[in-house]
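The structure under discussion appears below in the form of structure tokens.
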């Protein structure tokens, strides 16, 4: 896998601009380090007992109260939980740079943000490969903390997936994922391709007005 | 017969999966399996009975996820019920059967990567052990499915300190033979044997076949009986469910193979059933247990790195030590841990294998300091540490929270010192340095030093510490005082190796004290010591002369296979490389230009020289006000206008930092007092560990001449308020990333107001914050980015 440059630029705040050679060299170095990480892992599980009603989504024994999630999953016949992490080594590298070289730390941070999304994209490709023959399409990923889906669902999702034991992904008492560069997400499986690309997910985002990283 | 006696005589069989069986019995997703101990005890009892009937010698209590985070006050009740059920089933079965108290991971990542402290994790595990001890009925404690070595250490200590039961311990590995948090087999063995675990091994994560590679490494390093509880294969994805499909027969055949090669305790994890256990017992019938072989390997470890002493000489970096270093002392007094961390990373880059850590200064609290420094070091380097202190309390505090098997510096031939330190080494594990001196000083003769070394080794043995965990230092003395000292040291070194066959270590630089060009003598002495059989040396790895001697010696003594390391380091270099400290990229850019341009371009490495040049004909204030601040303003404007981006802003900020450091040195040397524009406290609030935004704000504020007290991340409101009160701070900056931690921000501000502190303004920042949100939590100012924080600081301090 190659690190997606455009995404790193975006997280660094470049928008449509392109960084100079020096910054690009640092990104090269971050890419080399990230691609050799041994703690990058993801797991997912497909639930076929999804039940969506007004503002409430149920599957796998869990009840998610969120209007936006219900809307997001409307018409879906299955739900997928995805947990992915770059692992503790990614945090260690970033911490090391924070103490040594803040420029590198900032570029590494942005590179890791881009990379964890790419890992999730890869997982979604894998899920799609499994379900496409059954005529399913994937919705974009929807995570605890987005819109009105509370972060308090974080430990519930982790527990449903046994993520601590399987990929070392846990959360703090304040529901922050640890290791930091990790994602938990709910994905819907729908009969229709909703064509919800990344730009579309930005278009529907509640934080759009404030967000400096908006793609839309 | 107790379990440890049984283990000496025969193979021991554990049970298989509990979760798998409970799910089959109707446990629903999302239900806590441990509640069944109370609500549906027959289901649990029945699982135990099935395993016992299948031939398990040991059944594990249904307490894998039992901790007070999940069960609160009901924890004792849950554990008590579980122990009683397992005991009852074991007692009903024929023959001698045992009950293992099952302890799984807490589900929390420990600091510094997570927010749970080592002590909190220790307490979580202790509660379970104490609950089980209260109900009685357990024969051993099984700590299993651990993903993180550090958490495992907390659990083993909790077990050992709250009970006398034997402790068995297994961790989960992946196919790269790594634990989920990046640890490896050798590091696990070093740590767990150091802590005195009675049986160690692997469970979950892998199927029996994949477990083979980890087993090979366990056999290579472990002097402790090995336990294996793999899954029934790798997970298979079928109809939306994860299943395991290695049959009982396949499973058993592989497990019997492990038993023939030395595994002593066998069981199963996810997907294994009583059928697997019954088959395995049958397959292992007639296999006589392979004796556990004591390995004579001296291992020093961090969470992920194991250094073996005795093969190739190892470098112990000496730079984390305040002796004779003014800047280091200043950093210690100011609790500037960043300075120490940079020393660590630099030595790591220069080729050190182990880092000595000495933070002793008369006026600081060494116990706390050593503990803090070790905690933070573990987040930036994976090199094993040598804990260096003359205070046993400081050593114990650091050994307790150290994530690995440390080197301990040091004991000597004095009985009282050995009596203070050896119990710590026995309890926490470690490789201890023994200095050849005693109440009578340093013996002049080599025989005298060997004698003390022998005494140290013998006394260690009384404490149950093996010779492999002792490293003898025959002491380097100064040749300018007595020229024969070097020969005596080397003679003693050879004699110690020859007569006691123990590992050796030396500090080197003392030898040249008082002589000119000390590096010349140091490196020659170093080479002599290496050829006398030195196993580890405490030196400055950033000294090119020492490292040249080291790499050359390794080539000539065949320690560097095919000269690979030597070539890797020196190929393409020229003879006159002054320093080993790696240059940051971009340094080669030669278009010097003025300091102003250097800042604008962010050419960090060129800043110190340019600042020195400016100091030749300008005052510090003229440089700061006339060059640095205007340059920064220009960069800052560009950033706000969107023509300059974050990495460039930070490069410029770090460039200014480099120039500042030169200016500060100059002012210190000339006795000038620096002017600060104001003191600001920064903190990332309680519960939040996302620190990078705050660190950016810090460096930029410092650039503008503000003095920043950085309290770090995950900082309690009390500590923040305390810091503000202590120094009458007029501006506080708080950072929080997520909505859940913005709450801590609000609590901190409320507390500040409750205490009647009206002189301190508060600025806040963080990803989810907005100006409205900032107002709601009671902040005075919302800073969208680092430049806005500067603007507000200027307003507050009217500068």
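Residue numbers (the numbering used here), protein chains in the order written: chain F, 6 to 221; chain E, 589 to 1387.
Every residue gets a Cβ at the ideal spot worked out from N, C-alpha and C, and that includes glycine.
In this structure, F:114 is the residue among F:114, F:194 and F:88 with its C-alpha nearest to the C-alpha of residue 36 of chain F. Annotated as proximal: residue 941 of chain E and residue 903 of chain E, with beta-carbon spacing under 8 Å.
For residue 164 of chain F, the three-state secondary structure derived from DSSP is helix. A distance below 8 Å separates the beta carbons of residue 795 of chain E and residue 820 of chain E.
By the criterion of a C-beta distance shorter than 6 Å, residue 1281 of chain E is surrounded in its chain by 1323, once the five residues flanking it on both sides are discounted.
Counting along the chain, residue 1298 of chain E sits inside the beta strand (DSSP E) bounded by residues 1295-1298. For residue 1284 of chain E, the enclosing alpha helix (DSSP H) begins and ends at 1280-1291. The Cβ atoms of residue 733 of chain E and residue 687 of chain E lie no closer than 8 Å to each other. Residue environment for residue 925 of chain E: buried (at least 16 other C-beta atoms within 10 angstroms of its C-beta). The CB of residue 1242 of chain E comes closer than 8 Å to the CB of 106, 107 and 108 in chain F, given here in chain order. Chain E has no Cβ within less than 8 Å of the Cβ of residue 75 of chain F. With 16 or more other CB atoms across the displayed protein chains lying within 10 angstroms of its CB, residue 750 of chain E is buried.
Contacts with chain F at 8 Å (Cβ-Cβ) include residue 1278 of chain E. DSSP places residue 607 of chain E inside the alpha helix (DSSP H), whose first and last residues are 607-612. For residue 735 of chain E, the nearest CB of chain F lies under 8 Å from its own CB, placing it at the interface with that chain. In this structure, residue 1352 of chain E places its C-beta atom within 8 Å of the C-beta atom of residue 1367 of chain E. Residue 49 of chain F sits close to residue 87 of chain F, with the two beta carbons spaced by under 8 Å. Nearest in C-alpha terms to residue 1311 of chain E, of all of E:1188, E:607 and E:1336, is E:1336. Using a Cβ-Cβ distance cut-off of 8 Å, the stretch 1234-1251 of chain E and the stretch 1193-1206 of chain E are in contact, since at least three pairs of beta carbons, one from each stretch, lie closer than that value. Residues of the same chain with a CB within less than 8 Å of the CB of residue 1317 of chain E, apart from the 5 flanking positions on each side, are 1267, 1268, 1269, 1297, 1311 and 1348 in chain order. Rounded to whole angstroms, the separation of the alpha carbons of residue 1364 of chain E and residue 1319 of chain E is 19 Å. When secondary structure is reduced to three states using DSSP, residue 58 of chain F falls in the strand class. Excluding its 5 nearest sequence neighbours in each direction, residue 644 of chain E has C-beta neighbours in its own chain below 7 Å: 601, 602, 603 and 865, listed in chain order.
Apart from the 5 residues on each side of it in sequence, residue 780 of chain E sits with its Cβ closer than 6 Å to the Cβ of 757 and 788 in its chain, given in chain order.
Here DSSP, grouped into helix, strand and coil, assigns residue 67 of chain F to strand. DSSP, reduced to helix, strand and coil, places residue 825 of chain E within a strand of the structure shown.
Residue-level contact by beta carbon fails for residue 962 of chain E and chain F, as no gap is shorter than 8 Å. Pairing residue 809 of chain E with residue 773 of chain E gives a Cβ-Cβ distance under 8 Å. Using a CB distance below 9 Å, the part of the stretch 1317-1333 of chain E facing chain F consists of 1325, 1326, 1327, 1328, 1329, 1331 and 1332, ordered along the chain.
A straight-line Cα-Cα distance of about 5 Å links residue 986 of chain E and residue 959 of chain E. Distance from the CA atom of residue 936 of chain E to the CA atom of residue 104 of chain F, rounded to whole angstroms, is 14 Å. Within the model, the alpha-carbon separation for residue 1374 of chain E versus residue 1272 of chain E is close to 14 Å. Residues of chain F with a Cβ closer than 8 Å to the Cβ of residue 764 of chain E are, in chain order, 43. For the pair of segments examined, the stretch 1135-1144 of chain E was found to touch the stretch 899-913 of chain E: the number of CB pairs separated by less than 8 Å reaches three. At least one C-beta of chain E is nearer than 8 Å to the C-beta of residue 175 of chain F.
Distance between residue 1378 of chain E and residue 915 of chain E, taken at the CA atoms: about 28 Å.
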